[in-house]
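Undergrad:
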Amino acid sequence: MFVYEKKLQYPVKIAATNPKLASVIISQYGGPDGELGASLRYLSQRYSMPYPELRGLLTDIGTEESVPCN
Amino acid sequence: MDENKSRGCCGKLPAMAPLANPYVPWQPEDQDRYVAKTGLIRGTLFPCLDLPFLGMVNTEEKSDTMMHQLQALGFAVQELGLYLDTHGDDAEAAELFRQYAELYEAGIRQYAQDNGPMFQKQAYQNGRYSWNETPWPWEYRANQEG
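So the sequence lines, in the order shown, correspond to chains H and B. Count the first sequence with our numbering and you get residues 756 to 825, in order. Count the second sequence with our numbering and you get residues 108 to 253, in order.
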């Protein structure tokens, strides 16, 4: 269960638009080797993780990795 | 035509060669920590993990707006939480986690009163449901101040 926080994790101030850079950044988030994929892999891997402290860690990292996509 | 070149590779590895052996140093206890505000711009709360890419160091601290303070506090809670996942016996870090989490909670409550809900559960304000009224974080006007 996830709860949305209506704020950015880190302040962003866009001085000038740059579609080329935006395209690179969005694929870093949602692309084939992006954070969204990593997030879901962490969250799936935790089900078979035998060490309790790493179950917690996978949960928290998996959650955090999805943040830029929000 | 050279066979290797045509396949876009050069050189050969034995079949059993490992590609690489990565090592991650175990993070020690009893270490220094940045204050939340510094941690936010350094990208870590822990000086021993602060290894800037190509030596490029972000030293420009954010202003003290309510939102920036919340972002710093939220980051500190996140960092200490990840650390405590694998260092659960570090009482000092646990106490610091408690303090930051308390400040963060209080800050979120104050922010919601002044600027509208940050969590949906805070969305009943002034006799109505106000979740959709404040700008979403990715909208331009949400990032005008600070």
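Cβ coordinates follow ideal geometry from the N, Cα and C atoms, glycine included. Remember, predicted model here, so these are calculated numbers, not experimental data.
Just how far apart, CA to CA, sit Y236 of chain B and A213 of chain B?
TA: Approximately 22 Å between the Cα atoms of the pair.
Undergrad: Along the alpha helix (DSSP H) that carries K144 of chain B, what are the first and last residues, could you check?
TA: Looking at the DSSP string, the run of the alpha helix (DSSP H) that includes K144 of chain B is A143 to R149.
Undergrad: Between the alpha carbons of G162 of chain B and L187 of chain B, how many angstroms are there, rounded?
TA: Cα-Cα distance, rounded: 25 Å.
Undergrad: Show which residues of chain A have a CB atom less than 8 Å away from the CB atom of L812 of chain H.
TA: Protein chains H and B are contained in the structure displayed, whereas chain A is not.
Undergrad: Between which two residues does the alpha helix (DSSP H) carrying R205 of chain B extend?
TA: R205 of chain B -> alpha helix (DSSP H) spans A198 to N222.
Undergrad: CA-CA distance, G253 of chain B and P242 of chain B?
TA: No answer about G253 of chain B holds up, because its pLDDT of 46 lies below 50 and its placement is not dependable.
Undergrad: Would you tell me roughly how many angstroms separate the C-alpha atoms of S821 of chain H and P121 of chain B, rounded to the nearest one?
TA: When rounded, the distance between both Cα atoms is 38 Å.
Undergrad: With 9 Å as the C-beta to C-beta threshold (strictly closer), list the residues of the region 766-791 of chain H near chain B in chain order.
TA: Of all residues in the region 766-791 of chain H, P766, V767, K768 and I769 have a Cβ within less than 9 Å of some Cβ in chain B.
Undergrad: Alpha carbon to alpha carbon, how far is G789 of chain H from G811 of chain H? Give it in angstroms, no decimals.
TA: Answer to the nearest angstrom: the Cα atoms are 22 Å apart.
Undergrad: Name the DSSP beta bridge partners of Y231 of chain B, please?
TA: In DSSP, Y231 of chain B forms a bridge with B:Y236.
Undergrad: With 16 other CB atoms within 10 Å as the buried threshold, where does Y130 of chain B fall?
TA: With fewer than 16 other Cβ atoms within 10 Å, it is exposed.
Undergrad: Taking only beta carbons into account, state which residues of the region 134-148 of chain B come closer than 8 Å to chain H, listed in chain order.
TA: Going along the region 134-148 of chain B in chain order, one finds L147 with a Cβ nearer than 8 Å to chain H.
Undergrad: Please determine if the region 172-184 of chain B and the region 144-155 of chain B are in contact, where contact requires at least 3 C-beta pairs separated by less than 8 Å.
TA: With the cut-off at 8 Å, the region 172-184 of chain B and the region 144-155 of chain B touch.
Undergrad: Quick check: the region 770-778 of chain H against the region 197-213 of chain B, are at least 3 beta-carbon pairs closer than 8 Å?
TA: No, the region 197-213 of chain B does not touch the region 770-778 of chain H.
Undergrad: Residues of chain H with a CB under 7 Å from the CB of M225 of chain B: which are they?
TA: Simply E760, K761 and K762.
Undergrad: Under the assumption that Q134 of chain B contacts L156 of chain B (Cβ atoms under 8 Å), give the Cβ distance between them as a whole number of angstroms.
TA: With 8 Å as the limit, Q134 of chain B and L156 of chain B qualify as a contact, their Cβ atoms being about 7 Å apart.
Undergrad: Mind reading off the beta-carbon distance from R801 of chain H to T814 of chain H? Whole number of angstroms is fine, and I expect it under 8 Å.
TA: Confirmed, about 6 Å.
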